[in-house]
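K.L.:
The structure is given below, and queries will be raised subsequently.
There are 2 protein chains.
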Amino acid sequence: MNPGANLGEARYLILADGHFGPESSKTATSAVRYLPERVAAVIDARHAGKTVRDVLGFGGDTPVVASVEEGLAAGPTALLIGIAPVGGELPEVWREIVRQTLSAGLDLVSGLHAFLGDDPELARLARQHGATIHDLRRTPAGLPVATGRAASTAALRVLTVGTDCNVGKMTAGLEIRHALQARGVRVGFAATGQTGILVEGWGTAVDAVKADFIAGAAEELVLRAAREGDVVLVEGQGSLTHPGYSGVTLGLMHGSLPDAMILCHPASRTRIFNEQGLYDWVPLPSLSEAVGLYEGIMRPVHPSRVVGIALNTRELTEAGAREAIATAERETGLPATDPVRFGADRLAEELMAARGSRLAARA
Amino acid sequence: MNPGANLGEARYLILADGHFGPESSKTATSAVRYLPERVAAVIDARHAGKTVRDVLGFGGDTPVVASVEEGLAAGPTALLIGIAPVGGELPEVWREIVRQTLSAGLDLVSGLHAFLGDDPELARLARQHGATIHDLRRTPAGLPVATGRAASTAALRVLTVGTDCNVGKMTAGLEIRHALQARGVRVGFAATGQTGILVEGWGTAVDAVKADFIAGAAEELVLRAAREGDVVLVEGQGSLTHPGYSGVTLGLMHGSLPDAMILCHPASRTRIFNEQGLYDWVPLPSLSEAVGLYEGIMRPVHPSRVVGIALNTRELTEAGAREAIATAERETGLPATDPVRFGADRLAEELMAARGSRLAARA
Chain A
1 MNPGANLGEA RYLILADGHF GPESSKTATS AVRYLPERVA AVIDARHAGK
51 TVRDVLGFGG DTPVVASVEE GLAAGPTALL IGIAPVGGEL PEVWREIVRQ
101 TLSAGLDLVS GLHAFLGDDP ELARLARQHG ATIHDLRRTP AGLPVATGRA
151 ASTAALRVLT VGTDCNVGKM TAGLEIRHAL QARGVRVGFA ATGQTGILVE
201 GWGTAVDAVK ADFIAGAAEE LVLRAAREGD VVLVEGQGSL THPGYSGVTL
251 GLMHGSLPDA MILCHPASRT RIFNEQGLYD WVPLPSLSEA VGLYEGIMRP
301 VHPSRVVGIA LNTRELTEAG AREAIATAER ETGLPATDPV RFGADRLAEE
351 LMAARGSRLA ARA
Chain B
1001 MNPGANLGEA RYLILADGHF GPESSKTATS AVRYLPERVA AVIDARHAGK
1051 TVRDVLGFGG DTPVVASVEE GLAAGPTALL IGIAPVGGEL PEVWREIVRQ
1101 TLSAGLDLVS GLHAFLGDDP ELARLARQHG ATIHDLRRTP AGLPVATGRA
1151 ASTAALRVLT VGTDCNVGKM TAGLEIRHAL QARGVRVGFA ATGQTGILVE
1201 GWGTAVDAVK ADFIAGAAEE LVLRAAREGD VVLVEGQGSL THPGYSGVTL
1251 GLMHGSLPDA MILCHPASRT RIFNEQGLYD WVPLPSLSEA VGLYEGIMRP
1301 VHPSRVVGIA LNTRELTEAG AREAIATAER ETGLPATDPV RFGADRLAEE
1351 LMAARGSRLA ARA
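In order, the protein sequence lines correspond to chains A and B.
Per the numbering used here, the first sequence starts with residue 1, numbered consecutively.
Per the numbering used here, the second sequence starts with residue 1001, numbered consecutively.
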């Protein structure tokens, strides 16, 4: 089953207790950004009484509340688990909240590695109260091993890559799509993570498939997205130098065989980010080193170019952001922007040029 | 459970019908090479009446037979599925053979992705006849995401890497272990694939874990193997440029954080191998390109050197093999050998020197 099916009408109460914030609750933050009219309230006792905009800097007057009771008053139809902790298990302290919302008849939407629909207690509660549990990371059966079929698509394939996890690869893709669509380009979007699937309504969490099928899952997504677009934007995952997740990154590259890559980078980070500092021993590559790594590893299989830089400048002033963008352009010779702050027009223009060159080369 | 547990006493009837051969039945071939006294017979109707040595060039007088009936006459205690087809499913034509052997009370040992112990019909037959089904690829619960813990081990960590799948990465590791042990070195072996697990009796099939946990699974294996050795040999998987399996390769690298790598290469191959030719579009990198790729991708995380070349020269004459080895040494400036044909002494010496330098650097 498509794990995103039937999510189009849900109104979410988002569980992000103790974690709601722009760095620490990607799923919650993305739901607020891309499905704002469908977020009823966010649970985080630390910020109770504030609005979502107070915490994130965007997202309007949606309330942040301290308890399930207050959240239910906002009229949600589903509880959305708003973070993806290392290891993927449901924190025990949150189980009580899940129990309460299932008992109140709310559906449950989760991107955790551990499938909540397989949890006997939660499954029983859902049955008793007529609720449905949607596990966004549940992957399709019968995935193939990749064999390069993505290269047979006529669409320009574009993959967002990054110097770290949680830097805006999905967001860059969605903002680029917006800018391309504004120029009349048909775009297919291949969602590869739980948040992208939540936003798009379809996709496969490539980090949850068996390792032999990472690239095969990506290949299938590209073939489907190519039916919907002349450009296919593939949501990237992880980083080639992330000790925990690099396998997902490379598999995704070889499955989607991008013609072009957009390199996403957090302007203020110097080391791989982790709330517990577990990766402080791994410095981030410079932008030019990262371009070399990504292009170098693709060259023997399907040569691909990094054609633009998407900087995440959230922690900088506007002047600081413009300076970081100018520095990135000087260092790499590539167009750069912060697609959230300044729009993705420069990247969209670059991709339209790349698509034009490719069509010309084929003609 | 350790999937290799209790396999130490089994005597195998190996199912390799239509596929028994040095290129096309890695599990069967490795069982013959490393567990010769425990192979009762091999099923492949194409070669019925021959001995294993007739087909492989080694392995003694063990018979190749056409049918289960003939195989049972050789006194096996378990049926071993001898190949790992693309996609990992049990070919339908083999199911009847599995039914017959389970019904005869033989255990079943399988490295397929699809767990035969979860197949209702086969599980029922096993119960009825007192047989046990061992799925070598069944992975442990609760694997962590890798965080670099492998680097904390005092052992010299050595990973076999390759320019392709099925080139002898496990075999090179086992031959190097033999040569190191002959020099009095304590060696731990981290088996990462179904065949290595079969031979060693423990390990984790890293290609079968969920993608986020590839490196974490490798990290756990290294920590355990380091308790048994001053050198840890990690069985490599896939290739950085294999479109289907590269994610497994890179995850394994970042989980095991090797100090040294041995590059394995099939001397006669120029393209990624597949029986159906599915990867003919991907040329193999040259040895020096491959050294650059493997060292380059490790550099930002844990600098590692390729210290030797293990050539697979099976398709060459002895003179041709010696010439290929000399050419490899000239091209790379590294010691090279075919560890199966000429032993792994040169690689063992190089690793002892690497371990000596590392100890000296720490002192």
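Every residue gets a Cβ at the ideal spot worked out from N, C-alpha and C, and that includes glycine.
(1) Can you tell which of D338(A), G162(A) and E121(A) has the C-alpha that lies nearest to the C-alpha of G292(A)?
(2) Nearest to V65(A) by alpha carbon, out of I133(A), T51(A) and P335(A)?
(3) Output the distance between the C-alpha atoms of P1335(B) and A1226(B), rounded to the nearest integer angstrom.
(4) Starting from the beta carbon of T241(A), find every residue of chain B whose beta carbon is closer than 7 Å, and list them in chain order.
(5) List the endpoints of the continuous alpha helix (DSSP H) containing F1342(B).
(6) Since Y12(A) is in the beta strand (DSSP E), which residue starts that stretch and which ends it?
(7) Using the three-state DSSP reduction, which class does G1075(B) fall into: helix, strand or coil?
(8) Is DSSP giving G333(A) helix, strand or coil here?
(9) How many angstroms separate the CA atom of P1144(B) from the CA atom of R358(A)?
(10) Between K1169(B) and chain A, is the shortest Cβ-Cβ distance under 7 Å, so that the two count as touching?
(11) Does the Cβ of D1054(B) have 16 or more other Cβ atoms within 10 Å, making it buried, or fewer, making it exposed?
(12) By DSSP, does R1157(B) sit in helix, in strand, or in coil?
(13) In terms of alpha-carbon separation, which member of T313(A), A290(A), S304(A) and F342(A) lies closest to T332(A)?
(14) Who does C1165(B) pair with in a DSSP beta bridge?
(15) Whole angstroms are fine: how far does the CA of A1348(B) sit from the CA of R1177(B)?
(16) In terms of residues, what are the limits of the beta strand (DSSP E) holding A1141(B)?
(17) Cβ closer than 8 Å: which chain A residues qualify as neighbours of A1045(B)?
(18) Identify the residues that DSSP records as bridge partners of S1110(B): which are they?
(19) Quick check on H1242(B): does DSSP put it in helix, strand or coil?
(20) Assign G1118(B) to one of two classes, buried (16 or more other C-beta atoms within 10 Å of its C-beta) or exposed (fewer than that).
(21) Can you list, in chain order, the stretches of the beta strand (DSSP E) that have 3 or more residues and sit fully within the segment 287–329 of chain A?
(22) Within 10 Å of its beta-carbon, does T1317(B) have 16 or more other beta-carbons around it, so buried, or fewer, so exposed?
(23) Quick check on the DSSP output: the beta strand (DSSP E) that includes H129(A) runs from which residue to which?
(24) Assuming D1259(B) and L1156(B) make a contact with CB atoms under 8 Å, what is their CB distance in whole Å?
(25) Is the Cβ of H129(A) closer than 7 Å to any Cβ of chain B?
(26) Is there a C-beta anywhere in chain A that falls below 7 Å from the one on H1254(B)?
(27) Rank R346(A), T153(A), L90(A) and A123(A) by C-alpha distance to the C-alpha of G105(A) and give the top, closest one.
(28) Please state whether DSSP places K1026(B) in a helix, a strand or coil.
(29) Which same chain residues end up closer than 8 Å to G18(A) when comparing Cβ atoms and leaving out the 5 residues on each side of it in sequence?
(30) What is the residue span of the beta strand (DSSP E) that I262(A) lies within?
(31) Taking G1148(B) as the query, report the chain A residues whose CB atoms sit under 7 Å from its CB, ordered along the chain.
(32) Under 7 Å, Cβ to Cβ, is there at least one residue of chain B near A319(A)?
(33) Can you pull the chain B neighbours of P120(A), defined as C-beta to C-beta under 8 Å?
(34) Checking 7 Å against the spacing of the C-beta atoms, do R138(A) and G111(A) come in under that value?
(35) Below 8 Å, can you find three or more Cβ-Cβ pairs linking the segment 1020–1033 of chain B to the segment 1057–1074 of chain B?
(36) Since K1210(B) meets chain A, which of its residues come closer than 8 Å, beta carbon to beta carbon?
P.N.:
On the basis of the supplied data:
(1) For the purposes of this step, residue 292(A) is taken as residue 292 along the first sequence, with counting starting at 1. Checking every option, the nearest Cα to that of G292(A) belongs to G162(A).
(2) Here the question's residue 65(A) lines up with position 65 in the first sequence. The residue with the shortest Cα to Cα distance from V65(A) is T51(A).
(3) Taking the first residue of the second sequence as 1, we reach residue 1335(B) at position 335. Taking the first residue of the second sequence as 1, we reach residue 1226(B) at position 226. Cα to Cα, the separation comes out at about 26 Å.
(4) Here residue 241(A) corresponds to residue number 241 of the first sequence, with the count starting at 1. Going along chain B in sequence order, the residues near T241(A) (Cβ under 7 Å) are P1300 and V1301.
(5) For this step, residue 1342(B) is matched to residue 342 along the second sequence. First-last of the alpha helix (DSSP H) with F1342(B): P1339 to F1342.
(6) Looking up residue 12(A) in the first sequence gives position 12. Note, Y12(A): beta strand (DSSP E), Y12 to L15.
(7) As a first step, residue 1075(B) must be located in the second sequence, where it is residue number 75. Looking at G1075(B) - three-state DSSP - the assignment turns out to be coil, as it is neither helix nor strand.
(8) By one-based count along the first sequence, residue 333(A) stands at place 333. G333(A) falls in the coil class under three-state DSSP.
(9) Position 144 of the second sequence, counted from the first residue, corresponds to residue 1144(B). Position 358 of the first sequence, counted from the first residue, corresponds to residue 358(A). Using only the alpha carbons, I get a separation of about 43 Å.
(10) The residue you call residue 1169(B) lines up with position 169 of the second sequence. No, its Cβ sits nowhere closer than 7 Å to a Cβ of chain A.
(11) Mapped onto the second sequence, residue 1054(B) falls at position 54. That one is exposed.
(12) Against the second sequence, residue 1157(B) aligns to sequence position 157. DSSP places R1157(B) in strand when its eight states are reduced to three.
(13) By one-based count along the first sequence, residue 332(A) stands at place 332. Ranking T313(A), A290(A), S304(A) and F342(A) by Cα distance to T332(A) puts A290(A) first.
(14) Here residue 1165(B) corresponds to residue number 165 of the second sequence, with the count starting at 1. In DSSP, C1165(B) forms no bridge with anything.
(15) As a working mapping, residue 1177(B) is identified with position 177 in the second sequence. As a working mapping, residue 1348(B) is identified with position 348 in the second sequence. Between R1177(B) and A1348(B), the C-alpha separation is close to 8 Å.
(16) For this step, residue 1141(B) is matched to residue 141 along the second sequence. Here A1141(B) belongs to no beta strand (DSSP E), and DSSP marks it neither H nor E.
(17) Translated into positions along the second sequence, residue 1045(B) becomes position 45. Residues of chain A passing the Cβ test: none, with the nearest at roughly 27 Å.
(18) Residue numbering aside, residue 1110(B) sits at position 110 when the second sequence is read from its first letter. In DSSP, S1110(B) forms a bridge with D1135(B).
(19) For the purposes of this step, residue 1242(B) is taken as the residue at position 242 of the second sequence. H1242(B) falls in the coil class under three-state DSSP.
(20) What you label residue 1118(B) is simply residue 118 of the second sequence in a count that begins at 1. Correcting the residue type first, residue 1118(B) is Asp in the shown sequence and not Gly. Burial call: exposed.
(21) 305–312
(22) Counted from its first residue, the second sequence places residue 1317(B) at position 317. When all chains shown are included, T1317(B) counts as exposed.
(23) Sequence index remark: in the first sequence, residue 129(A) carries index 129 (1-based). That residue, H129(A), is in no beta strand (DSSP E); its alpha helix (DSSP H) goes P120 to H129.
(24) Locating residue 1259(B) in the second sequence gives position 259, where the first residue counts as 1. Locating residue 1156(B) in the second sequence gives position 156, where the first residue counts as 1. Sure, about 5 Å apart at Cβ, within 8 Å.
(25) As a working note, residue 129(A) is residue 129 in the first sequence. It does not; no Cβ of chain B falls within 7 Å.
(26) Here residue 1254(B) refers to the residue found at position 254 of the second sequence. Answer yes: the Cβ-Cβ gap between H1254(B) and chain A drops below 7 Å somewhere.
(27) Position 105 of the first sequence, counted from the start, is the residue given in the question as residue 105(A). Ranking the options by Cα distance to G105(A), first place goes to A123(A).
(28) The residue given as residue 1026(B) occupies position 26 in the second sequence. Helix, per DSSP.
(29) Working through the first sequence from its first residue, we reach residue 18(A) at position 18. Contacts found: D44, A45 and R46.
(30) Residue mapping note: residue 262(A) aligns to position 262 of the first sequence, counting from 1. I262(A) -> beta strand (DSSP E) spans A260 to P266.
(31) One-based indexing of the second sequence puts residue 1148(B) at position 148. Those are P243 and W281, listed as they occur along chain A.
(32) Here residue 319(A) is taken as the residue at index 319 of the first sequence, counted from 1. Output row for A319(A): interface = no.
(33) Start at 1 with the first residue of the first sequence, and residue 120(A) comes out as number 120. Neighbours of P120(A) on chain B: none; closest Cβ ~16 Å, over 8 Å.
(34) In the first sequence, counting from the first residue as 1, residue 138(A) sits at position 138. In the first sequence, counting from the first residue as 1, residue 111(A) sits at position 111. Cβ atoms of R138(A) and G111(A): not closer than 7 Å.
(35) yes
(36) As a first step, residue 1210(B) must be located in the second sequence, where it is residue number 210. Simply H113, D207, A208, V209, K210 and A211.
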